[in-house]
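**Q** One structure, as structure tokens, below. Some questions next.
Number of protein chains: 2
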Amino acid sequence: MAQLVRVHNFTVSRDGYGAGEGQSFERPFGHAEPADFFAWAGGTASWPNRTAPGGSRGLDDYLTRDFHRNIGAEIMGRNKFGPYRGPWADHDWDGWWGAVPPFHTPVFVMTHYERAPLTLADTTFHFVSGTAAQVLAQALAAAEGKDVRLGGGAATIRQFLDSGLVDTLHVAVAPVELGRGSRLWASPDELSDRYHCDVVPSPSGVVHHLFWRR
Amino acid sequence: MAQLVRVHNFTVSRDGYGAGEGQSFERPFGHAEPADFFAWAGGTASWPNRTAPGGSRGLDDYLTRDFHRNIGAEIMGRNKFGPYRGPWADHDWDGWWGAVPPFHTPVFVMTHYERAPLTLADTTFHFVSGTAAQVLAQALAAAEGKDVRLGGGAATIRQFLDSGLVDTLHVAVAPVELGRGSRLWASPDELSDRYHCDVVPSPSGVVHHLFWRR
């Protein structure tokens, strides 16, 4: 089976923003409240960062747990990896995720600034430049036949969408308005010429949008 | 993580029947039309019996593909395994699924009649008698830490439900009335004292019911 490029559990506001304005160490999502974005996933049994037992096993859980299924590599933008900009030498930053990041595969971080690979537990971050297609070629090779997850943020997903490189997307639309920030779309209808979409409201309040290529 | 007992992709009519009356070799689901029951899953990219490429990758596909995730064994009733009743010596029957059954794990077939194990490709069918709890104990051991899928039919699922042995159920309610046959329930509300349930209508016409323990 062909390798797919998949977006999973990417949450946006009703007005299409994947993060707010003013990202910082203290506010990874800028003026957006992370709880507004991730409560739907955080409440599930399969949430990767869950530390207590329990959690729901309904619709949101089916979607949350697909994050890991048959994934061999992730691609993310530098602004997902951390709040700092510019050359890496200026600081010592190993990502948001602590000593055991929830990826467990190679991760390709798109950046214009060179940096040596960073290994934390079973995740290795590679810092790469180039076009979306060039980075994807590296990730597909590293995934060894499995699929590649496109992790975000919104600008990175847009870049891959605009290059026609995304096969499926799961975007959860949260019941909140942001007004400004990093925007995925003005409306999900922007993708309807190229993708089928199932729109599935969840009892948790988000509306899951499941896209696949026409 | 504890092993779970899971029902997946079990389809019933609006009036709760998992199969019609009069099962036979020619009509595995009795007077029910298999297409009415399985079109929602058969149209997806992940349907195990799919031979052509393509297929949808929306909501129905998320549910269909969960069939295999972290499953180490299956339990089924004899009437799922085949249309014949009584001692096995009377006939030569190796199941509906041909030389490569879609299970790929040990399968425990509940029957009052002894029969030697049957191996087809990477699936081995064990023919076992005993209570639901006794059969489950065997399946949990065979699953080696993974979950156990409870495959049906309706009477087998009822037996396990009535013994309190099922952790999660995915039941798809198809837009068809059967009137008679093998019944799972008169209404999904029968489970609401013991289970949470997300009710999720699909664009394909079925209504997914996702249960997990309270």
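Quick note, the sequences are listed as chains A and B, same order.
Note that the working numbering has the first sequence beginning at 15, numbered continuously upward.
Note that the working numbering has the second sequence beginning at 15, numbered continuously upward.
Even for Gly, the Cβ is constructed at its ideal location relative to N, Cα and C.
This structure is a prediction, so every number in the text was calculated from the model and none was measured.
(1) Using the beta-carbon of each residue, which ones in chain B are nearer than 7 Å to Gly72 (chain A)?
(2) So, helix, strand or coil for Phe117 (chain A), using DSSP?
(3) Mind pulling the chain B residues with CB within less than 9 Å of Leu77 (chain A)?
(4) With distances taken between CB atoms, is the gap from Tyr76 (chain B) to Arg197 (chain B) smaller than 7 Å?
(5) Three-state secondary structure (DSSP) at Thr133 (chain A)?
(6) Taking the DSSP output, what are the residues bridged to Glu40 (chain B)?
(7) Whose CA, out of A:Leu73, A:Glu40, A:Ala59 and A:Leu18, lies closest to the CA of Val220 (chain A)?
(8) Quick check: the Cα distance between Glu82 (chain B) and Pro202 (chain A), rounded to an integer number of angstroms?
(9) List the residues that DSSP assigns as beta-bridge partners of Val26 (chain B).
(10) Closer than 8 Å is the cut-off here; do at least three beta carbon pairs connect the segment 121-132 of chain A with the segment 83-99 of chain A?
(11) How would you call Pro189 (chain A), buried or exposed, if buried means at least 16 neighbouring beta carbons within 10 angstroms?
(12) Given that Arg241 (chain B) touches chain A, what residues does it touch there, using C-beta distances under 7 Å?
(13) Where does Thr65 (chain A) sit, in a helix, a strand or coil, going by DSSP?
(14) Using a Cβ-Cβ distance cut-off of 7 Å, determine whether Pro217 (chain A) contacts chain B.
(15) With distances taken Cα to Cα, identify the nearest neighbour of Gly56 (chain B) among B:Gly69, B:Trp102, B:Gly44 and B:Glu47.
(16) Name, please, each residue of chain A whose Cβ falls closer than 7 Å to the Cβ of Thr182 (chain B).
(17) Which bits of chain B does Asp80 (chain A) rub up against, with CB to CB less than 7 Å?
(18) At what residues does the alpha helix (DSSP H) containing Val149 (chain A) begin and finish?
(19) Can you tell me where the beta strand (DSSP E) with Ala169 (chain B) in it begins and where it stops?
(20) Just the C-alpha distance for Ala169 (chain A) and His184 (chain B), rounded to the nearest angstrom, thanks.
(21) Assuming Val114 (chain B) and Leu134 (chain B) form a contact by the criterion Cβ under 8 Å, report the distance between their Cβ atoms to the nearest whole angstrom.
(22) Check each candidate in B:Leu192, B:Glu191 and B:Leu164 and name the one with the smallest Cα separation from Asp181 (chain B).
(23) Does DSSP classify Asp203 (chain A) as helix, strand or coil?
(24) What number of angstroms, rounded off, separates the C-alpha of Phe52 (chain B) from the C-alpha of Arg227 (chain A)?
(25) Would Ser27 (chain A) pass as a contact of Leu192 (chain A) if the rule is Cβ separation under 7 Å?
(26) With 16 as the cutoff for other CB atoms within 10 Å, does Arg208 (chain A) come out buried or exposed?
**A** Once the coordinates are examined:
(1) Locating residue 72 (chain A) in the first sequence gives position 58, counting from the first residue. Those within 7 Å of Gly72 (chain A) in chain B are His210, Asp212, Leu224 and Trp226.
(2) Locating residue 117 (chain A) in the first sequence gives position 103, where the first residue counts as 1. In the structure shown, Phe117 (chain A) sits in coil (DSSP, three-state: anything other than H, G, I, E or B).
(3) Numbered from 1 along the first sequence, position 63 holds the residue referred to as residue 77 (chain A). Ordered by position in chain B, the residues that pass the 9 Å Cβ test against Leu77 (chain A) are Tyr76.
(4) Taking the second sequence and counting its residues from 1, the one referred to as residue 76 (chain B) is at position 62. Taking the second sequence and counting its residues from 1, the one referred to as residue 197 (chain B) is at position 183. No, they are not a contact pair.
(5) Position 119 of the first sequence, counting from 1, holds the residue named residue 133 (chain A). Looking at Thr133 (chain A) - three-state DSSP - the assignment turns out to be strand.
(6) Working through the second sequence from its first residue, we reach residue 40 (chain B) at position 26. According to DSSP, Glu40 (chain B) bridges with nothing at all.
(7) The sequence position of residue 220 (chain A) within the first sequence is 206, counting from 1. Selected option, being the one with the closest Cα: A:Leu73.
(8) As a first step, residue 82 (chain B) must be located in the second sequence, where it is residue number 68. As a first step, residue 202 (chain A) must be located in the first sequence, where it is residue number 188. Rather than Glu, the amino acid found at residue 82 (chain B) in this sequence is His. Their backbone Cα atoms lie some 31 Å apart in a straight line.
(9) On the second sequence, position 12 is the one that residue 26 (chain B) refers to. B:Val187.
(10) yes
(11) Indexing the first sequence from 1 puts residue 189 (chain A) at position 175. Flag for Pro189 (chain A) reads exposed.
(12) Nothing about residue 241 (chain B) can be read from this structure; chain B reaches only from 15 to 228.
(13) By 1-based counting over the first sequence, the position of residue 65 (chain A) is 51. The answer is coil: DSSP assigns Thr65 (chain A) none of H, G, I, E or B.
(14) Translated into the one-based positions of the first sequence, residue 217 (chain A) becomes position 203. Yes, Pro217 (chain A) counts as interfacial toward chain B.
(15) For the purposes of this step, residue 56 (chain B) is taken as residue 42 along the second sequence, with counting starting at 1. Of the listed residues, the one whose Cα sits closest to Gly56 (chain B) is B:Gly69.
(16) Locating residue 182 (chain B) in the second sequence gives position 168, where the first residue counts as 1. The contacting residues are Arg71.
(17) Indexing the first sequence from 1 puts residue 80 (chain A) at position 66. Residues of chain B passing the Cβ test: Tyr76.
(18) Counted from its first residue, the first sequence places residue 149 (chain A) at position 135. Taken as a continuous stretch (DSSP letters only), the alpha helix (DSSP H) holding Val149 (chain A) covers Ala146 to Ala156.
(19) Locating residue 169 (chain B) in the second sequence gives position 155, where the first residue counts as 1. Segment Ala168 to Asp176 is the alpha helix (DSSP H) holding Ala169 (chain B); no beta strand (DSSP E) there.
(20) Residue mapping note: residue 169 (chain A) aligns to position 155 of the first sequence, counting from 1. Residue mapping note: residue 184 (chain B) aligns to position 170 of the second sequence, counting from 1. Roughly 36 Å between the two C-alpha positions.
(21) Taking the first residue of the second sequence as 1, we reach residue 114 (chain B) at position 100. Taking the first residue of the second sequence as 1, we reach residue 134 (chain B) at position 120. 7 Å between Cβ atoms; contact.
(22) For the purposes of this step, residue 181 (chain B) is identified with residue 167 of the second sequence, where counting begins at 1. Minimum Cα distance to Asp181 (chain B) is reached at B:Leu164.
(23) As a position in the first sequence, residue 203 (chain A) is number 189, starting the count at 1. It is helical.
(24) In the second sequence, counting from the first residue as 1, residue 52 (chain B) sits at position 38. In the first sequence, counting from the first residue as 1, residue 227 (chain A) sits at position 213. Rounded to whole angstroms, Phe52 (chain B) to Arg227 (chain A) spans 23 Å at the Cα level.
(25) One-based indexing of the first sequence puts residue 27 (chain A) at position 13. One-based indexing of the first sequence puts residue 192 (chain A) at position 178. Against a cut-off of 7 Å, the Cβ pair of Leu192 (chain A) and Ser27 (chain A) comes out as a contact.
(26) Taking the first sequence and counting its residues from 1, the one referred to as residue 208 (chain A) is at position 194. Result: exposed.
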